[in-house]
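The block underneath contains the structure these notes are about, expressed in C-alpha cells.
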Amino acid sequence: MDDAILELRDVTKIYPGVRAMDRVSLSFRRGEVHAIVGENGAGKSTLIKTLTGAIQPSSGAVVLDGVEHAHFTPGEAMRLGVGVIYQEFNLIPFLSVAQNIFYGREPMKGLFINAPEMNKRTGELCRRMDIDLNPRARVKDLGVAHQQIVEILKAVSQNARILIMDEPTAPLTHGEIESLFRIVRNLKESGVTVIYISHRLEEIFEICDRVTVMRDGQYVSTQNTADTDMPALIAAMVGRELGADYPKTPVAPGEVVLSVRGLTTDVVNGVSFDLRRGEILGLGGLVGAGRTETARAIFGADQLKSGEVLVRGSRVAIATPRDAIARGIGLITEDRKSQGLVLGMRVDENISYTVLDRHSTFGFLHPAELVRVCGELVEELRIKITSLGQKVNTLSGGNQQKVALAKWLARDCDIIIFDEPTRGIDVGAKREIYQLMQKLAEAGKGLIMISSEMPELIGMSDRIIVMCEGRVTGELTRNDFTQDRILTYASMRKQRSA
Amino acid sequence: MGAGGKKGSVNFADYMILIVLAALILFFGFYIEAFRSSVNLINILRQVSIVGIAAVGGTLVMLTGGIDLSAGAVIGMSGMLLARLLKAYPDAPDAAFPANAALVCVLVLVVCVLIGFLNAFFINQFKIPPLITTLGAMTALRGGVYLAADRGLPIFGFTFKRLGQGTVGPIPIPVIIMIVVFTAGWIFLNTTRFGRYVYGVGGNEEASRLSGINVKGIRYMVYSLAGLMSGLAGLVLVSRIHSAQPRAGTGYEMDIITAVVLGGVSITGGEGRISFVVVGVLIMGVLTNGLILINVNEYWQQVIKGLVLIAAVGFDRYIQYRRSLAAQQE
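Protein chains in written order, with this note's numbering: chain E, 580 to 1077; chain B, 15 to 344.
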C-alpha cells in the first residue's frame, strides 16, 4: 500500500502471563479516520502505547513513512508527528489556552516570551480549525469539551500528522460530540490521519473510513465502514457464540440478601435494585455510566447523598468500608493495583488483611492460623506463587486478581461485588474466576458483577441492570439478554437542553 | 528473571547499611585508639539513646508515609514541663518514694501523647500534610518552651538523676530504655495486627481503607506513640543534664529522620524494618563520636551528617527507580 503513512509489522508484546499483542500487522493511510475496536483486553491500549513509543514491542517494528523503527521512543514519536489525545488530559490548569498550546515551545522575543505573537498564532490556529476559543482563557475555566479541543490544537500546532484519540467522546455531551466530529473531519481534510478508539460503535459508522477489529491481542480484520455493519462488527469483536463457553448454570435464587433503594451520590442518581442469594447480578453500561460509583456507594467508599441500603432485610447505616465489611459485603475493585492490593506486601499479608481482627488476641496475631487460612485459599484458588512470602507485585495480573479475591473469601462475605473482575488477565485465569463466581453463587452468596465486556456480562449474569449517566435505564432477565438491548439501554441518555 | 533481580537489589540495600556501619567502626577503630575502648563504645550507645528512643516513634510515623518534625520540640517541651512541675510540686526531701516526681513524669508523657494525637487530628480532619502540621507544631511548641523559661531551669527537689545518669552494671539506664523501646517497637510492628496496618496504610492507603482498616485510627495511634517516645526521650535528656534547657532537643527531629531513613524506611512509607533503624541510629552515633575524636569541628560534623542523609535518600530513591523500571519491563 503506497499511501500508508504508519504501519505495524508483526508486533508482539508479552507481559508476564499475558500476550497483550500477538503478531499484529496493520497499516494506516494518510488522511483517513481509522477506528480500532475490540473488547477490553483485546490489545487496544497496548497498540496505542506501541504507536506512541510508550512501550517497546517484544518483537516486530513500527514503520513510519517507510522507515522501520525497531526502538520507537516517545521523543521520536513526537518528533515524527504522532500525537495522542488521552482520556486524561495533560494540561496545566492555571495557564491560558495559548500558554498550554505553546508550552515548552513559546515564541520568544529576546529573553522574554512573546505573548502577543503566541496569542495571535493560537487565534489563527482556531480560525483554521473553525473553533471558537479565547486564547487568553485559563484552561481551568474551560469545560471538558474545550479542554479536549486545547489538547487537539496542541497536537496540531506540533505538526501532528497522526493523531490518536482514546475514547474521545466518553466525557462529552451530544452537542459536544457533534463539534468534535466537525474538528475530526477538518483534520482529515487537512491530511491528518486520525486513529480513533471507541467503545461506541455507532460513532464509528458516523465518523470513520475504516475499522480494524482486534480480539485477545490479535488482529482480526480491517474493513471499510461502508462495507460492514454493526452486527458483523460485534461478531468479529466477540468472535464466538455469546455465552457459550461460560461455566454458568443458574442457581435457584434464595432470599433477598441486599436491597438498594434510591441510592444517590454526586454521580449516581436514584439507583434501586434487589440482590438474591445465589444470584449473579450484572451491571451493564458504558464507561462512566456510574456503575463503579454505585458499587462504591453501597460499600461506603463514597459519600451517600440519599437512599438506603438493606442487608438481609434490615436497614443498615454504611458510612465507611468498615461498616460494609462488618455487614458481610466485599468489593473487588476495578483497579487492583491502586485500590485492591498493597503491592509491596506479601501474598499472605494481602490475603489476610481483612481478617486480622479474627485471627488475633489483644492485637497479637496468630501466625499459624494465618498460614493455614492463606494456604487453604491459595490452594482453593490455585494461585501460582513460590511461597506465601512472595511480594504481590511480582505476580502476574491473573494471580494478583486471585489474591484480591481471596481477601474477601477469607472474610466469608455474603455479598461480593466484582468490578471488572477479569480486566487485563489472561484467558485461563478468566475462566477460573468465572468458575469461582459460579461456585460462590451455588454456595448461596449474592454477587454483583460490573463488566464492560459484553460476552462476560451476558455469559455470567442471571439478571442485568443497565445504567447510563448515573441512572438505571433498563433491566433484562437471562432470556432477554442481547448485546443490542444492553447497548440500547446503555445509550439512553437523558434529553439535554444543551 | 525480574523477580530474582528484584530480590537481589533488596538484599543489596540491606547489606549496604550494615557494611557502612562496619566500615565506620573499622575505620575509626583502626585509626583512633580512644575509639576502641569499651568505655567509649558504651558512651556511643549512651549518646545515641535519646535519638534512638524517639526514632522508634519516628519509624512508626514514617512507615505510614508521614513525618514528624515536632519530635525535637516535644523532647524540649517534655523536659521543660517536668522542670516547671517539679519546681511547683517538689517532693519532700525526706520522702521514701518520690511520688510527685513519678506523677509528674506520667503527666508529662500524657501531654506528649496528646500533642501527637493533635498532630494526627489536624492531618486526619483537615487533610493538612504531615510535614506542614508537624512543622507548625514544632514552631509553636518551641515558642512555648521559651515562654516557660528562656534560660536553663534546674531540677528542684528530688534528685532526678538516675533515669539519665544511672547504670545497671556497666550499662547506662538510657541505653536499657532504648533497647526496651526498640524491642517493644519490633514486637508491635511484627507480631500485632496494628503493626501490619501501619505497613499497609503506608503501602497503599486507599486499598487499606477499602479493606476496612481504620486508616485515621492508625494515624492517631502512630502519632500518639511518636509523641510518647519523644516525651520519654525528653525525660531521659533532662535527667542526664539535670536541668531543663529551652534549646534542648533542637534539631533532633532531623537526626531522627536521618537515622530512620538510613535504616531503610522508605520516605513514602510501607517499607522498612525497625531492626535496621537501630543500625541507622548507630551509624549516626559512630559517625558523630568518631568525628569528635578526630577533632572535626561541629560545623563540619553538620556538613557530613547532611551529606549522609542525602546519600541515604538518594540510594533509597535509586532502588525504587530501579524497581519501577523493572516493573515496567515486565
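Note that the Cβ used here is the ideal one computed from N, Cα and C, for glycine as well.
Please determine, among the options, the residue with the shortest C-alpha to C-alpha distance to residue i.
i: N698/E; options: P672/E, K719/E, K628/E, S736/E; result: S736/E
i: R223/B; options: F673/E, L920/E, S777/E; result: L920/E
i: Y237/B; options: L95/B, G66/B, C126/B; result: C126/B
i: Q979/E; options: I1012/E, F607/E, M1071/E; result: I1012/E
i: A240/B; options: G216/B, I81/B, P260/B; result: I81/B
i: D936/E; options: R207/B, L59/B, T78/B, V291/B; result: R207/B
i: A724/E; options: A815/E, I1065/E, R761/E; result: R761/E
i: P184/B; options: L95/B, G158/B, L59/B, V70/B; result: L59/B
i: F44/B; options: A102/B, R165/B, T282/B, I308/B; result: I308/B
i: K592/E; options: P1000/E, S638/E, G849/E, R740/E; result: S638/E
i: M268/B; options: L32/B, F49/B, I64/B; result: I64/B
i: I129/B; options: L145/B, Y335/B, A109/B, M152/B; result: M152/B
i: E730/E; options: G977/E, S893/E, L670/E, S1031/E; result: L670/E
i: P672/E; options: S624/E, A633/E, L721/E; result: L721/E
i: I67/B; options: Y103/B, W200/B, L32/B; result: W200/B
i: I232/B; options: V250/B, R287/B, G209/B, A106/B; result: G209/B
i: G371/B; options: I270/B, G286/B, V291/B; result: A query on residue 371/B cannot be resolved here, the shown segment of chain B reaching from 15 to 344 and no further.
i: E703/E; options: T871/E, L630/E, A677/E, K688/E; result: A677/E
Should residue i be labelled buried (16 or more other beta-carbon atoms within 10 Å of its own) or exposed?
i: D1063/E; result: exposed
i: M1028/E; result: buried
i: T748/E; result: buried
i: L712/E; result: buried
i: K827/E; result: buried
i: D1041/E; result: buried
i: G284/B; result: buried
i: N311/B; result: exposed
i: S966/E; result: exposed
i: P188/B; result: buried
i: T652/E; result: exposed
i: R684/E; result: exposed
i: G892/E; result: exposed
i: P107/B; result: exposed
If we call anything under 9 angstroms between Cβ atoms a contact, is residue i one with residue j?
i: D927/E; j: L949/E; result: yes
i: L35/B; j: V293/B; result: yes
i: M1046/E; j: G863/E; result: yes
i: I774/E; j: I911/E; result: no
i: G1038/E; j: A1008/E; result: no
i: F852/E; j: L865/E; result: no
i: A273/B; j: S92/B; result: no
i: I664/E; j: Q727/E; result: yes
i: N98/B; j: A163/B; result: Just to set this straight, residue 98/B is Arg in the shown sequence, not Asn. Cβ atoms of R98/B and A163/B: closer than 9 angstroms.
i: L203/B; j: L276/B; result: no
i: P636/E; j: V590/E; result: yes
i: L988/E; j: L960/E; result: yes
Once DSSP output is grouped into helix, strand and coil, what is the label at residue i?
i: N803/E; result: strand
i: Y798/E; result: strand
i: Y160/B; result: helix
i: V597/E; result: strand
i: P186/B; result: strand
i: T1067/E; result: helix
i: E785/E; result: helix
i: C992/E; result: coil
i: I271/B; result: helix
i: P72/B; result: In the sequence on display, residue 72/B carries Gly and not Pro. Helix, per DSSP.
i: V847/E; result: coil
i: D1041/E; result: coil
i: G822/E; result: Only weak support is given to the placement of G822/E: the predicted model assigns it a pLDDT of 45, under 50, and the value that follows is read from those uncertain coordinates. Note: G822/E maps to coil in three-state DSSP.
i: G178/B; result: helix
i: K688/E; result: strand
i: R588/E; result: strand
i: G265/B; result: coil
- Inspect the CB distances between the segment 115 to 123 of chain B and the segment 214 to 234 of chain B and report whether three or more fall short of 8 angstroms. Result no; under three Cβ-Cβ pairs closer than 8 angstroms.
- Message: Measuring CB atoms only, is the segment 694 to 709 of chain E touching the segment 727 to 735 of chain E, in the sense that at least three cross pairs come out at less than 8 angstroms?
- Response: Segments in contact, yes.
- Task: Assess, as a yes-or-no matter, whether the segment 600 to 611 of chain E is touched by the segment 783 to 797 of chain E under the definition of 3 or more beta carbon pairs within less than 8 angstroms.
- Result: Flag = yes, the segment 783 to 797 of chain E and the segment 600 to 611 of chain E touch.
- Task: Report yes or no: do the segment 607 to 615 of chain E and the segment 767 to 782 of chain E share at least 3 C-beta pairs separated by less than 8 angstroms?
- Result: The segment 607 to 615 of chain E vs the segment 767 to 782 of chain E: in contact.
- Any 3 or more C-beta pairs closer than 8 angstroms across the segment 210 to 221 of chain B and the segment 137 to 151 of chain B: Short answer: they don't touch.
- Okay, do the segment 867 to 874 of chain E and the segment 897 to 909 of chain E touch, 3+ Cβ pairs below 8 angstroms being the bar? Flag = no, the segment 867 to 874 of chain E and the segment 897 to 909 of chain E do not touch.
- Message: Measuring CB atoms only, is the segment 986 to 1001 of chain E touching the segment 807 to 817 of chain E, in the sense that at least three cross pairs come out at less than 8 angstroms?
- Response: Because the criterion of three Cβ pairs below 8 angstroms is not met, the segment 986 to 1001 of chain E and the segment 807 to 817 of chain E do not touch.
- Query: Are the segment 189 to 199 of chain B and the segment 879 to 892 of chain E touching, with three or more C-beta to C-beta distances below 8 angstroms?
  - Reply: Cβ pair count under 8 angstroms is below three, so no.
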